[in-house]
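Shown next, in C-alpha cells, is the structure this report addresses.
Chains as they are written, first to last, in the numbering used here: chain A, 1 to 592; chain B, 1001 to 1592.
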C-alpha cells in the first residue's frame, strides 16, 4: 500500500522564506500565521490525511460507491467515520469567515490542505472540496438569508455541496442547457431536467446536500444570457433550519468511471424540485464562474497532490528495489544488486517530477495568496493587481498542474516496472484518478482558450504586461549575482520566448483567430514554464540564504535541473506557436 | 462502443508507393505480394478484426479472466469462438515457413496484422502474439525434433506459447533469477520455481500451452552466464505428438491489473515440471533475446495499433459532437452548435496523433522489412545492413511507439471530455490497455539504455553512421526540389541535432557513462523523431507523385504539420542531452 508524508517543511519554506506571508499580518485571517502556528496547523492536517484518509484510498477505489434501488448512495466502508473526523477537525470551514462558523484562515492555507487531502485520498477530498466551492458561490452571490441558512451547516460539514452544470448534450457550451425553472407563486422555482457527471451528487456522508444548479427560467433568452443559478437542497430546510421535506430530485445512476471510484459521480434527475434563485436572474453563468475559478485553482492543486504522492512512492521503491548495477560500478557490492536509484534514467524521472512539483507548489501558493489579497487587501490597487494575476494564472495552473500531475503519476508508475501496472502497489490508481483533473472544471483545451482568448487581451493586456515586468525585473535584479546565474540566465531566454510568442499573437491572431486557437495549448505551457522558472529563481534566492542546510542544497540542485533540462522546452513551444494555424486547419473535416 | 476500420489503404500506400516491396520479389515469401494480393489479405485481416475481435473488446475488459480452484483459467465470453475463427484463418502461422504449416509470408505483413489485431482487441491479440514470439525462438534455437513437435501445432494455433522470464525479485536484471533446472537421467530437466507476470500463462483457448522458461541448471554459474532456456509444455506430447501427461506446473494466481483484463497475466508455479533444453546450456539469455527482439518490435506495433483506434474514435466524436462555435463564426449555422472539429485545439490534438501514427507505421513497416531482408536476402552485405538497422531501431520503435501510443490514447480520450472518462465510450480502456506497452518487454528506460549503451557503440558505431548517411543522402537528393522544402529543411536541422548529440556522447560519455544514462531517453526520442522525419520525407515524395488525390493531399498537409510542429522537439532533446549528468546525479539517495 502506498505511503504518504505531508511535505510540511517544504510548505513552510515557501510560505515564509519565499512568499514571506508575514508581510500580510495586517490582513484579516493572517494575524496568526507565524511559522509556529503554521507548523502546528499543517502537521495536524498532514496527520489526519496520512492516518485517516490514506488507509481508505485503495479500499475505496476497489469498493466504489453503490446506489440502492431507492436512489440512495453508500460510500465505501470507513468513509463515513473518516468524514466525521475531518469535519470535526474544522477543515471544511477553514477559509470560511468566523461569522459563519469557519476558521477564517487564508485561502492560501486552504490550498495547502487541498494538496494534502488529494495526496492521501483524492476521491474523499472531493466531498469537502465541492462543499467549499458551493460555499464560495453562496458567499459572493447568495442573499443574507441564503448565507445564514446554508453556510454554517456547510462550513461544519453537516451539509455538503455540489455544482450542477453539465447535461448530456452540453458540457463546455453551457448556452445549450435545457434544464428549466418554473417560477412558483411563493417566489421559489420548480426545477426540471437532467444533469450528468455530478460529483458527490448523492451520498451518505452528510445529512443534507446543497445542490447549486444552472437552469433556464421559463421565457428566458436562449444561449448563455438566459441561464440562472439556483440553490436546490436535497432536504428543504424547515423553520428551524433543519433538513425538512425531501425535495423532488434524485440520483438516477452512478457513472462507471476510469478512477475516483470512491466519489459518487451521479446522473441527477430534477423533477420539479423546489429551488431558489441565487443572485440575479439570467446572470447565473457569472455567478457560477466565482465557484468555477475557485474550483479551477483547486483542481490544479489536485494535480499537484497526485504528483507529490506518486513521487514519494516511486522514490521509496527506487531506494529499495535491488536490480542491476550502476553504470559506474557496484554501489552496494555487499548486495546481489544495487538499488535502482543509482541509474541516471530513474533519477532523471524522479528529478523531473520533483522539479515541477516543487515549483508548481510555489506557484499555486503564490496564486492562492493573490486570491487572499484580492479579497482582503485594503488597497484598491493591490486588489486589482491581485485580481489580474489570479485571472491570468488560474487557467495556467489548472491545465499545467493537471497535465503534470497525470504525467508524473504515469512516470512514477514507470519506476516500478511491472509492479506499477498491478493494483497491489497502488500506483495505477494514481494514474486513473489523476486523469479526471485534465478534464473536469473545463477541459485543459478550454483553459488554454480562456487564457489566449480572454485573459491575455483583457484590459489591453494589463495582466500579462505586469507579469512580464515582474519576471524581467527579477532577472535584472539577480543576473549580476554569479550564484544566481544558473537559474536566471535560462529564465531570461525563456521569458524572451514568451515575449516573442505574445508579440506574434498580437501581430497575427487578431486578423486570424485560428492562429491563437492553434497555439493556445503551447502558449499556456510556455507561460507556465516561465512562471515556474520565476518560482525557481525565488526559491534559489531563498535557499542561498541558508545554503548550509541539506534541504536547501537539494533545492539548489533541483532548481538547476529545472533550468538545464526543463526550461529549454520554451523554445519548442515558441516554434509551434509561430508555425500558425495553416497545417492545423487545412484538412476538410471529412478527411479526419 | 468504439468502432474500427483497418487502415488498409494507408498500409498499401506504404508498402508499395513508399517502401516498394515489389523490389524484393525474388525473396522467399515476397513472390506474391502484388498490390492486389496485398489488398485481399489485408482486407480479410481487417474484416476479422473489426467483425470478430472488436465486439469482444469492452466485454472482455469488464469480465476479465477467471481462475478456478483447480488452477484452470477461463477467458471472457466469446473469446474461444473468436480464437477459433482467427486460428482457422491461418493468421497465427502467417510468417511461419510453409514446411511447418505456416503461410510463409513476410514478417512485414505480419507486422501489419499485429497492428490491426491490437486496434480491435489488444488483450485478445496477446494470445496469438505470444505464440508467434515463442515460435520465433524455437525456429532459431530449437532442435529439429523440437521444431517438428511444436511449431506445426503452434502455427495452427492448436497450441499456444508463452515467455517465462520474470520472478518476484528479478525483472530487468535476469542475472538474479532463481528458478532451477535439475538434470534427469532421460536427458530432460525438472524445473522448480515461481515466475510472475506471465501473459497468457494459462487459458482455455488452446489444447496445450508451450512455455519457454528461463532457469538455472544446477551447478551453473551465477549471474546471466548461468541461465538456460527450456521448453516446458503444459501437457507433455505423447508418441503421436498429442497432448499427453499433465506437467507439474500451474497458474497460482491471476494478477489484478490496470488494463488488458482479458489477457490472463499469471503467477506460474513450476514444481519439478518436465522440460527440455532449447539451444545450448547457459546460453539461454541469448536464445531468449531472439524472441525478445521480435517481441519488442511487436510491442512497438501494439502502441501504434492503440494510437490508431483511439484516433479513429476521437475523430468520429469530433465530427459529430456539437458544442460551441468556431472562432471564425458559425460553421453549421442551421444547428444549435458547430461540431467540435472546427476548433483549432481539437484539430491540433488529432493532427498530432495522425502525424505520429502515420510516420510510426511507415517506420515500423520499414523496420519489419529489414527483419525480412536479414532472414531472407541472399547477399551477406544486405543481411548485415539489415541486421544493423534492425538492432538500432528495435529499442527506438519499442519505446517511442509505446510512449506515443499511450499519449495518443490519453489525448484522444481528452477530445471526448467527460465522456472520455466513463467506461461507456471505451476510450479509457485504450488508455489502461496502452499503459502496459511502455513497461513490458523491457521498460522504455531499458530500451534507451540498450540504445545508447549497446546499439550505438556496437561495431564502431556502424549502424548509426549508416542511418545518418541515409538520412543525409535523402536531404541532399531532395533539398533542391522546392516542393520538398517544407519536409526536408526541418529534417536537415533535426538530423544536425542528432549528429551533435551523438558527438557529445562520444566526447563525454566514454569518460563518464552517467552522461549517456542521463541523456538516454532524450537521445532515443531524438533519434526516433529524425527517423519519423525521414519517413515523412519519403511519404511526401511518394504523395507528390499522386498529388491530385485527396488522400495524398492529406498526407502532404499532415507531413507539413509534423515538420512544423513536431520536429522542433529535437532542439529541446539536444539541450537536455548536453546538460549532462551533473544535476541528475548530485543528490544523495536519501534526499529523494
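Beta carbons are placed, not taken as given, at the ideal position from N, Cα and C, and that holds for glycine.
In the DSSP secondary-structure assignment, residue 215(A) is bridged to 228(A). Within the same chain, 236 come within 6 Å of residue 245(A) by CB-CB distance, once the 5 residues on both sides are set aside. Leaving aside the five residues that flank residue 1549(B) on each side, none in its chain has a CB nearer than 7 Å to its CB. Not one beta carbon of chain B lies nearer than 9 Å to the beta carbon of residue 122(A).
Beta-bridge partners of residue 413(A) (DSSP): none assigned. Taking a Cβ-Cβ cut-off of 7 Å, the neighbours of residue 1324(B) in chain A comprise 172 and 173, given in sequence order.
Residues 1297, 1300, 1363, 1364 and 1367 of the same chain have their beta carbon placed closer than 7 Å to that of residue 1397(B), with the five preceding and five following residues left out of the count.
Only residues of its own chain outside the window of five on either side were considered, and among them 534 and 537 have a CB closer than 7 Å to the CB of residue 474(A), listed in chain order. With contact defined as three or more Cβ pairs closer than 8 Å, the stretch 1277–1285 of chain B and the stretch 1199–1219 of chain B are in contact. Across the structure, residue 196(A) and residue 1566(B) are spaced so that their CA atoms are roughly 37 Å apart. With respect to residue 1351(B), residue 452(A) sits apart: the two C-beta atoms are not nearer than 9 Å. In chain order, 1158, 1159 and 1243 place their CB closer than 7 Å to the CB of residue 1207(B), counting only its own chain and leaving out the 5 sequence neighbours on each side. With a minimum length of 4 residues, the unbroken runs of alpha helix (DSSP H) contained wholly in the stretch 134–190 of chain A fall at 144–155. The distance from the Cβ of residue 361(A) to that of residue 374(A) is about 20 Å, inconsistent with a contact at the 8 Å cut-off. Residue 289(A) counts as exposed, since fewer than 16 other beta carbons sit within 10 angstroms of its beta carbon. Rounded to the nearest angstrom, the Cβ distance from residue 1247(B) to residue 1265(B) is 20 Å, too far for a contact under 8 Å.
The Cβ atoms of residue 399(A) and residue 444(A) sit closer than 9 Å to each other. Three or more beta-carbon pairs separated by less than 8 Å link the stretch 1304–1322 of chain B to the stretch 1332–1346 of chain B, which places the two stretches in contact. Judged by DSSP secondary structure, residue 42(A) falls within the alpha helix (DSSP H) whose first and last residues are 35–48. In the three-state reduction of the DSSP assignment, residue 1503(B) falls in the helix class, which pools H, G and I. The beta carbon of residue 1587(B) sits closer than 9 Å to some beta carbon of chain A. From the listed residues 410(A), 32(A) and 203(A), the smallest Cα separation to residue 83(A) is found for 203(A). Between residue 1128(B) and residue 73(A), the alpha-carbon positions lie close to 43 Å from each other.
When DSSP states are grouped into helix, strand and coil, residue 1199(B) belongs to the strand group. Listed in chain order, the alpha helix (DSSP H) runs fully inside the stretch 1308–1362 of chain B amount to none, counting runs of at least 4 residues.
Closest in C-alpha terms to residue 8(A), from the list 16(A), 2(A) and 1(A), comes 16(A). Along the stretch 385–417 of chain A, the positions whose C-beta sits under 8 Å from a C-beta of chain B are 406, 410, 413, 414 and 417, read in chain order.
Between residue 185(A) and chain B, the shortest Cβ-Cβ separation is not below 9 Å. With respect to chain B, the C-beta atom of residue 259(A) has a partner C-beta closer than 9 Å.
Under a criterion of Cβ atoms nearer than 7 Å, the residues of chain B adjacent to residue 557(A) are, in order, 1583, 1586 and 1587.
Taking the Cβ atoms as the reference, residue 1144(B) lies roughly 13 Å from residue 1276(B), outside the contact range of under 8 Å. With respect to the 9 Å criterion, residue 1049(B) and residue 1117(B) are classified as neighbours on the basis of their beta carbons. Shortest Cα-Cα distance from residue 428(A) to any of 1435(B), 1099(B) and 1466(B) involves 1435(B). Beta-bridge partners of residue 1243(B) (DSSP): 1237(B). As a beta-bridge residue in DSSP terms, residue 266(A) pairs with 198(A) and 254(A). Across the set 1134(B), 1222(B), 1152(B) and 1136(B), the C-alpha of 1222(B) shows the shortest separation from the C-alpha of residue 1177(B).
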